[in-house]
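Here is the structure we will look at.
Numbering (the working numbering), first residue to last: 5 to 306.
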């Protein structure tokens, strides 16, 4: 991995419309930060595989009409790339986060999700030839330290929960996916909406098979399944469909590392939802949030 004192990656301060980039990051943080509490609420009736599948299927249905209308514009010769990106960035993480949500507090999951930029940086530097600066490295490490403070604040008695590995695995996949997307997908001259719709067309059928292979039909008929079903659909439409369109737009406008820095803001939203859901907040939470914001600033600073 090479580090230099100059930057050849676009950062927010160098964009023509930095307010737009910051706005996208804030909106994405709000949507994705809310996804952990939606997973938690969905798991009250459905199991992890069903929640993950519902999330993908909801996004698949959302994009299907647009995909059919624009089917002539789809580069089917690149289907393998979109399948890889879909699996790494959406399908596998949907199941991993659902598994983690069954045993981890929503705030802790959100904090662990902040390791995404760290893995994006490492993978990009070692395998994709990304040029990074010492300031970026310091900012990402600082953000990671802030996330660790949030994890420790949320861990009862500092006991490590093995389900945290599911979140870490998902963030590693995110890091790989971000670099692949930036290198091979964003240069295809397709709109973010079309890119995202094609991605979900490749993984939607897989999620459908998983969803209906168990007792989903029986569970969905339960009186108490109405709201969990709504939460799962909302998770797919907002957390996967709409958010991925915005995220692909952010990647196109900036860089993979900068785009992944939105995950530094996610724990703040996740912690706030946790408080509203009855999770206790400590001084470490506020300290961690502050350190995370400083890390984001350093990563994005020119």
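All residues carry an ideal CB built from backbone N, CA and C; glycine is no exception. Given the structure is predicted, the values throughout are model-derived calculations rather than measurements.
Does DSSP put residue i in a helix, in a strand, or in coil?
i, result
"residue 295", "helix"
"residue 135", "coil"
"residue 107", "coil"
"residue 219", "coil"
"residue 283", "coil"
"residue 31", "helix"
"residue 300", "helix"
"residue 238", "helix"
"residue 226", "coil"
"residue 92", "helix"
"residue 113", "helix"
"residue 47", "coil"
"residue 39", "helix"
"residue 102", "helix"
"residue 162", "Reliability of the predicted coordinates at residue 162 is poor, the pLDDT of 47 falling under 50, and the value obtained from them is presented with this limitation in mind. Residue 162: helix per DSSP, three-state reduction."
"residue 195", "coil"
I need the boundaries of the alpha helix (DSSP H) containing residue i, first residue and last residue.
i, result
"residue 65", "52 to 73"
"residue 271", "270 to 280"
"residue 82", "Neither: residue 82 is in no alpha helix (DSSP H) and is coded neither H nor E."
"residue 179", "168 to 184"
"residue 189", "No alpha helix (DSSP H) contains residue 189, which DSSP labels as neither H nor E."
"residue 256", "247 to 257"
Is the Cβ-Cβ distance between residue i and residue j less than 9 Å?
i, j, result
"residue 178", "residue 106", "no"
"residue 132", "residue 82", "no"
"residue 104", "residue 211", "no"
"residue 276", "residue 266", "no"
"residue 297", "residue 37", "no"
"residue 48", "residue 214", "no"
"residue 43", "residue 110", "yes"
"residue 272", "residue 147", "no"
"residue 87", "residue 250", "no"
"residue 221", "residue 62", "no"
"residue 284", "residue 28", "no"
"residue 152", "residue 292", "yes"
"residue 80", "residue 204", "no"
"residue 149", "residue 299", "yes"
Relative to the alpha-carbon of residue i, which residue among the options has its alpha-carbon at the smallest distance?
i, options, result
"residue 208", "59, 32, 36 and 254", "59"
"residue 252", "290, 196 and 29", "196"
"residue 239", "297, 194 and 99", "99"
"residue 3", "45, 66, 77 and 32", "The question about residue 3 has no answer here: the residues shown for the chain are numbered 5 through 306."
"residue 41", "255, 243 and 92", "243"
"residue 181", "248, 257, 55 and 27", "248"
"residue 241", "30, 52 and 68", "68"
"residue 228", "156, 281, 28 and 45", "45"
"residue 224", "29, 50, 27 and 26", "50"
"residue 135", "125, 35 and 80", "125"
"residue 66", "198, 55 and 172", "198"
"residue 172", "274, 115 and 34", "115"
"residue 96", "200, 274 and 170", "170"
"residue 120", "137, 138 and 145", "145"
Residue i: buried (16+ other C-beta within 10 angstroms of its C-beta) or exposed?
i, result
"residue 23", "exposed"
"residue 183", "buried"
"residue 90", "buried"
"residue 219", "exposed"
"residue 289", "buried"
"residue 231", "exposed"
"residue 217", "exposed"
"residue 39", "buried"
"residue 93", "buried"
"residue 161", "Any reading at residue 161 needs caution, since the residue's pLDDT is 47, under 50, leaving its predicted position unreliable; the model's value is listed next. Exposed, by the Cβ-count rule."
"residue 234", "exposed"
"residue 191", "exposed"
"residue 245", "buried"
"residue 101", "buried"
"residue 282", "exposed"
"residue 130", "exposed"
"residue 71", "buried"
"residue 286", "exposed"
"residue 73", "exposed"
"residue 142", "exposed"
"residue 189", "buried"
"residue 280", "exposed"
"residue 226", "exposed"
"residue 35", "buried"
When the cut-off is 9 Å and only beta carbons count, does residue i lie next to chain D?
i, result
"residue 226", "This model lacks chain D altogether, as it is built from one protein chain only."
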